[in-house]
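Using my numbering, you'd call the opening residue of the sequence shown number 1128 and step up by one each time.
Ideal placement from N, C-alpha and C gives every residue a C-beta, glycine not left out.
Please read these numbers as outputs of a predicted model, since none were measured by experiment.
Below is one structure; the comments refer to it alone.
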Amino acid sequence: MKYRAETRRYEDMEYRRCGESGLALSALSLGLWHNFGQEADSQAAKAMVECAFDRGITHFDLANNYGPPPGSAEERFGRILRESLSPYRDELVISTKAGYTMWPGPYGDWGSRKYLVASLDQSLKRMGLEYVDIFYHHRPDPNTPLEETMGALSHLVNQGKALYVGISNYKADEAKRAMALLKEAGTPCILNQVRYSILDRWVEKDGLLDAMANRCGTICFSPLAQGLLSSTYLDGSIPQGSRAREDHFLKQKMITPYRVQLLNELNTIARSRGQSLSQMAISWLLKDERITSVLIGARTTAQLRENIDALSNTAPFTAEEREAIDRVSERWG
Ligand SMILES: NC(=O)c1ccc[n+]([C@@H]2O[C@H](COP(=O)([O-])OP(=O)(O)OC[C@H]3O[C@@H](n4cnc5c(N)ncnc54)[C@H](OP(=O)(O)O)[C@@H]3O)[C@@H](O)[C@H]2O)c1
1128 MKYRAETRRY
1138 EDMEYRRCGE
1148 SGLALSALSL
1158 GLWHNFGQEA
1168 DSQAAKAMVE
1178 CAFDRGITHF
1188 DLANNYGPPP
1198 GSAEERFGRI
1208 LRESLSPYRD
1218 ELVISTKAGY
1228 TMWPGPYGDW
1238 GSRKYLVASL
1248 DQSLKRMGLE
1258 YVDIFYHHRP
1268 DPNTPLEETM
1278 GALSHLVNQG
1288 KALYVGISNY
1298 KADEAKRAMA
1308 LLKEAGTPCI
1318 LNQVRYSILD
1328 RWVEKDGLLD
1338 AMANRCGTIC
1348 FSPLAQGLLS
1358 STYLDGSIPQ
1368 GSRAREDHFL
1378 KQKMITPYRV
1388 QLLNELNTIA
1398 RSRGQSLSQM
1408 AISWLLKDER
1418 ITSVLIGART
1428 TAQLRENIDA
1438 LSNTAPFTAE
1448 EREAIDRVSE
1458 RWG
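Take a look at the structure:
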């Protein structure tokens, strides 16, 4: 049956502006790093994208290397667009990135102009798009002048292949330099995409949010610490199908009995707030207005729905709750 988007899709979602730009993102964005590659269940992938859009998520985040194999998440997303979401293209913010290994030889990685320009062309072909809304440099490159990398991003905006540009995994000092270069080029940096969660607080130690000074937005990835901040591991087991089962990006050795106990302590706080652990992890990030969007991953529509429902609990965190969460986070190490 032909997909028709939910007519009330904008009623319950919050939209936050990316820094000083005119672009607003849904407070939750859907990431396609896992569960959208060639080996993923195609019906489940399509159902998640449609469910997200029906609930007001406008932003879908990809990268050249998402899969496996690399490139296959973009191909699958392209198919989903053609099958259902293409009539809504102007309501979507589609992002992709380049910065990690994509093809062999010296031109398929890092941050040269040669790599970034070729990579975006490949991404556009895979997704069947004329332009992406946001193109990111995926990680800082210590061996390429930042002027060259930022110059390549600007060039792609001027060519019309990206509407906006962003950076990812840039620390405060590098981010400030990148922002200055992009501003000077007339193509401001609108987002820095960084790992941030209750359990991973480097952003706070680095002073990143202050450095962005609301001129550039911040979008957080792995808000559930790849699923640790959910009900999945609370009983200490590692269920079939879970990310830790793959023991690749989320290592089983991280899930010690002591850490399971800490997750249960967080879960108790979440329950007292009337939330699941994953919902509290999302609300905890969104309480900071400097966070533009929280970039969630999901394997099933049930997980996605549970995460989106976090937005219906707008109870502020009390000082006691914040302190209790901070204490667990410090003990996590
Ligand atoms: N810029 C970068 O360098 C970078 C790096 C990483 C990610 N990202 C982006 O950020 C996105 C999100 O990252 P992430 O996938 O690590 O985020 P995440 O939301 O922390 O983890 C997603 C995983 O958590 C589990 N999960 C989600 N909701 C759940 C729920 N309600 N109940 C139980 N488990 C739940 C699922 O794991 P199971 O499969 O175990 O069920 C899911 O695959 C990526 O897709 C990508 O777009 C960017």
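| field | A1190 to A1397 span [Cα, whole Å] | value | If you draw a straight line from the Cα of A1190 to the Cα of A1397, it comes to about 32 angstroms.
| message | Below 8 angstroms, how does it come out for the region 1166-1183 and the region 1375-1387: are there three or more Cβ pairs, yes or no? | response | The way I'd put it, the region 1166-1183 doesn't touch the region 1375-1387; fewer than three beta-carbon pairs between them come closer than 8 angstroms.
| said: Here's the rule: buried if 16 or more other CB atoms are within 10 angstroms of the residue's CB, otherwise exposed. What is Y1234? | reply: Answer is exposed; the Cβ neighbour count stays below 16.
| query | Per DSSP, what kind of secondary structure is A1289 in: helix, strand or coil? | reply | For A1289, the three-state secondary structure derived from DSSP is strand.
| Beta carbon of H1161: closer than 6 angstroms to some heavy atom of ligand 1? | Because some heavy atom of ligand 1 lies under 6 angstroms away, the Cβ of H1161 counts as near it: yes.
| task | Rank V1176, I1317, S1148, T1359 by C-alpha distance to the C-alpha of L1157 and give the top, closest one. | result | The alpha carbon of L1157 has as its nearest neighbour, out of V1176, I1317, S1148, T1359, the alpha carbon of V1176.
| Under the three-state DSSP convention, the category C1178 falls into | In the structure shown, C1178 sits in a helix (DSSP, three-state: H, G or I).
| field | Between the CA atoms of G1287 and I1452 - distance to the nearest angstrom | value | Inter-residue distance for I1452 and G1287 is about 44 angstroms (C-alpha atoms, whole angstroms).
| Euclidean distance between Cα positions of P1366 and T1428 | Going from the Cα of P1366 to the Cα of T1428 covers about 18 angstroms.
| If you run the structure through DSSP and keep just helix, strand and coil, what is A1312? | Of the three classes helix, strand and coil, the one that applies to A1312 here is coil, per DSSP.
| query | Is it buried or exposed for L1267, if we count other Cβ within 10 angstroms and need 16 for buried? | reply | Just to set this straight, residue 1267 is Pro in the shown sequence, not Leu. So P1267 ends up on the buried side.
| said: Taking 7 angstroms as the threshold (C-beta atoms), are A1408 and I1346 in contact? | reply: At the C-beta level, I1346 and A1408 stay beyond 7 angstroms of one another.
| query | Among residues of its own chain, excluding the 5 on either side of R1136, which ones have a beta-carbon nearer than 7 angstroms to its beta-carbon? | reply | Within the same chain, R1136 has close Cβ partners F1180, D1181, R1182, G1183.
| Distance cut-off 6 angstroms: Q1388 Cβ against heavy atoms of ligand 1 | No, the Cβ of Q1388 stays beyond 6 angstroms of every heavy atom of ligand 1.
| query | I1423 by DSSP, collapsed to three states: which one? | reply | I1423 falls in the strand class under three-state DSSP.
| Can you give the beta carbon distance from S1295 to Y1263, rounded, assuming they're within the 8 angstroms contact cut? | Yes, they are in contact, since the Cβ atoms of S1295 and Y1263 sit about 5 angstroms apart, within 8 angstroms.
| query | How is the alpha helix (DSSP H) around T1223 delimited, first residue to last? | reply | Note, T1223: premise wrong, no alpha helix (DSSP H); beta strand (DSSP E) at 1220-1225.
| From L1404 to G1232, what distance separates their C-alpha atoms? | Between the C-alpha atoms of L1404 and G1232 there is a straight-line separation of about 44 angstroms.
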